[in-house]
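Heads up, the sequence shown is in the numbering used here, so the first residue is 811 and it goes up one at a time.
Ideal Cβ placement from N, Cα and C applies to all residues, glycine included.
All values reported here derive from a predicted model rather than from experimental measurement.
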Amino acid sequence: MRSMGSLKQGVVSRRKLLVGLLLLFYFYGGVLLIMDCVVVVSGIGVNWGTQATHPLPPSTVVRMLKDNGIDRVKLFDADSKYLNALANSGIQVMVGIPNEMLSTLASSVQAAENWVAKNVSSHVSSNGVDIRYVAVGNEPFLPTFNGTFIGTTLPALQNIQAALIKAGLGTRIKVTVPLNADVYQSQSNLPSEGDLRTDIHDLMLQILKFLSDNGGPFTVNIYPFISLYKDPSFPIDFAFFDSNSSPINDNGRVYENVFDANYDTLVWALQKNGFGNLSIIVGEIGWPTDGDKNANLKFAQRFNQGFMSRVNAGKGTPMRSGAIDAYLFSLIDEDAKSIQPGNFERHWGLLYFDGQPKYQLSLGNGRNGLVAAKDVHYLAQKWCVMSPSASLADPQVAASVSYACGNADCTSLGYGTSCGNLDARGNISYAFNSYYQINNQLDSACRFPNLSAVTTTNPSTGDCLFRIMIKTDTTAGAGERRLSRSVGLLAYILTFVFIIM
């Protein structure tokens, strides 16, 4: 995704994470800080990510999409259970091909034909899924990939296009490559200085020509939040559409927010290289609600409502005045995503993990707010917390908390987050409960030695919510499997702490 987009595919060493958490606990007095799909708008579109420990049933999500008037969705793969749920729904779909498949698809026309037959043709012909785009890879040219996908992206794109044509779908379904906004650049702050990134310039020209020849759009992910996250001196107001910050004047074209400036930098880059008429889709755009001091409900509502108001008014940018095609990122929070880009990575959703709206947002389709998911079933009203009789001085506290967070989600803890004002006991309770809920409230998931207890009193305070997980089709079995994988690790950590004390 974003300027740091597909860093989500990076893997953080579990041992380093746990050791880091131990140190953070000791040095910060228990305040834990863990560092470590889309819609084209003329209709309303969203990214539907599925990296969650307790995902909503696909049928529930599709019903919720329809209840909210969302008629376009972008997926990051082509999982049949999601495509089957979208059958005959009237929702237009962009299916995705993960980066790890690019090499196979690039080297074999037959592999591409097999992929199209299984993941596109079968759903279009027999299931009534309205697939409009195939996204080949996701931000494959991020510098963090060290050129891994430089040689395979274009051949994979070509083979998928050929397979679609052979299947008789070449005019109906278009190919694209979702790219990060760093594939173009400006030597100054002016959009008119925009051009393709020098190290991939020739490759990008080939991709642009191929997209142009085959009617495919240029798909780009733009994240003003990341501009703010990466640069503390970035003028915060310039990230929003109701900005009061000093505008940028580019030869008479005035830019009052970073999105317009970024988008038009791309427009200039395309124009300079002979592709000024290529259509553009904003594949991902949004604002997270937790995990960073600037990731909160207020800013997310301000940004997303500002963007939707522009889209619904048909307002473009100084270089392209027409309505912008875009997919909001994202529909639902994903608590199993990598947090290598930052703790905010699990909090991009317009909705919480259970399909409940986070804030008031009008999508401009006759509705004043988002409609929640229906018929969602929760686990019992109970939480795992630090036992009132437990001592903060207990030598097993740090290791137990580190273990809990290493196997659950503690990204709402830390400076400026929704639970950033908890005291030490509150931090510990939050960690224990996160582990307990992710493991489906199994009794064995709240047995931190002499430290934990189950309560029926909700420990939530203010904006800090101690969540209860939803029931899924595989709830019990999943909890048992998670615990069995983790028991040995916990024993190792506790032994390690005992030795060093």
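Three-way DSSP call (helix, strand, coil) for residue i in this model
i: Leu1006; result: strand
i: Gly754; result: Past the edges of the chain, shown from 811 to 1311, lies residue 754, and the structure says nothing about it.
i: Cys1215; result: helix
i: Gln1166; result: coil
i: Gly855; result: strand
i: Cys1220; result: coil
i: Cys1229; result: coil
i: Val883; result: strand
i: Thr1282; result: coil
i: Leu842; result: Unreliable placement is indicated for Leu842, whose pLDDT of 32 sits below 50; the coordinate value is still reported in the next sentence. It is coil, neither helix nor strand.
i: Val926; result: helix
i: Ile775; result: Outside the displayed span of the chain (811 to 1311) sits residue 775, for which this structure offers no information.
i: Ile1142; result: strand
Local Cβ density within 10 Å of residue i, reported as buried at 16 or more and exposed below that
i: Gly1025; result: exposed
i: Lys891; result: exposed
i: Tyr1225; result: exposed
i: Tyr1188; result: exposed
i: Val1211; result: buried
i: Asn999; result: exposed
i: Pro1151; result: buried
i: Gly839; result: Note that Gly839 scores a pLDDT of 36, beneath 50, so its modelled location is shaky and nothing firm can be said.
i: Leu1202; result: exposed
i: Gln920; result: exposed
i: Gln1016; result: exposed
i: Thr1266; result: exposed
i: Asn1312; result: Nothing about residue 1312 can be read from this structure; the chain reaches only from 811 to 1311.
i: Pro1042; result: exposed
i: Asn956; result: exposed
i: Pro1259; result: exposed
i: Arg1120; result: buried
i: Lys984; result: buried
i: Asn969; result: buried
i: Asp1233; result: exposed
i: Pro1205; result: exposed
i: Gln1251; result: buried
i: Gln1247; result: buried
i: Asn1061; result: exposed
i: Gly1272; result: exposed
i: Glu1155; result: buried
For residue i, the nearest candidate out of the options (CA to CA)
i: Lys1192; options: Pro1151, Asp1204, Pro1269, Gly1179; result: Pro1269
i: Ala977; options: Leu967, Phe1117, Ala927, Gly1004; result: Ala927
i: Asp881; options: Val903, Ser998, Gln997; result: Val903
i: Thr1008; options: Leu1173, Gln997, Pro1001; result: Gln997
i: Asp1102; options: Asp1074, His1157, Lys1125; result: His1157
i: Pro1057; options: Gly859, Asp992, Tyr1065; result: Tyr1065
i: Asn1054; options: Asn1061, Gly1062, Arg1063, Val1068; result: Val1068
i: Ala895; options: Val872, Asp1273, Ala888; result: Val872
i: Asn1217; options: Val930, Arg1235, Tyr1245; result: Tyr1245
i: Arg1235; options: Pro1198, Asn1249, Phe1109, Asn1104; result: Pro1198
i: Met1195; options: Val1186, Leu1161, Leu1171, Val1264; result: For the sequence presented, residue 1195 should be read as Val rather than Met. Closest option to Val1195, Cα to Cα, is Val1264.
i: Tyr1033; options: Leu1223, Ser932, Leu1138; result: Leu1138
i: Gln995; options: Phe1035, His1011, Arg982; result: His1011
i: Ile1312; options: Trp925, Ser931, Val930, Gly855; result: Since the first residue shown for the chain is 811 and the last is 1311, residue 1312 is missing from the structure and cannot be characterised.
i: Phe1035; options: Asp1023, Thr1099, Phe1020; result: Thr1099
i: Asn990; options: Thr1029, Leu967, Phe1020; result: Thr1029
Presumed contact (8 Å Cβ cut-off) between residue i and residue j, rounded CB distance
i: Thr914; j: Ala945; result: Not confirmed; about 16 Å, so no contact.
i: Ala1146; j: Thr870; result: So it is not a contact: roughly 18 Å between Cβ atoms.
i: Ile1091; j: Pro1027; result: 5 Å
i: Val939; j: Ala897; result: 5 Å
i: Gly1174; j: Met1118; result: 6 Å
i: Ile1149; j: Thr1221; result: 6 Å
i: Asn857; j: Glu1094; result: 6 Å
i: Leu885; j: Val905; result: 5 Å
i: Pro988; j: Glu949; result: 6 Å
i: Leu1018; j: Asn1072; result: Their Cβ separation, rounded to whole angstroms, is 18 Å, which puts Leu1018 and Asn1072 out of contact at 8 Å.
i: Asp1047; j: Pro1128; result: With a Cβ gap of about 19 Å, Asp1047 and Pro1128 do not count as contacting.
i: Ala916; j: Pro965; result: 4 Å
i: Asn1104; j: Tyr1039; result: 7 Å
i: Ile960; j: Phe951; result: 7 Å
Beta-ladder partner(s) of residue i, from DSSP
i: Asn1104; result: DSSP, once it has assigned bridges, lists no residue as partnering Asn1104.
i: Arg1063; result: Asp1060
i: Pro988; result: Thr1029
i: Gly906; result: Ala945
i: Ala1136; result: Val1092
i: Gln995; result: Asp1005
i: Thr1265; result: Trp1193
i: Tyr892; result: Per DSSP, none; premise fails for Tyr892.
i: Thr1271; result: Cys1274
i: Asp940; result: Gln902
i: Tyr1188; result: Ile1280
i: Leu1161; result: Ile1142, Pro1167
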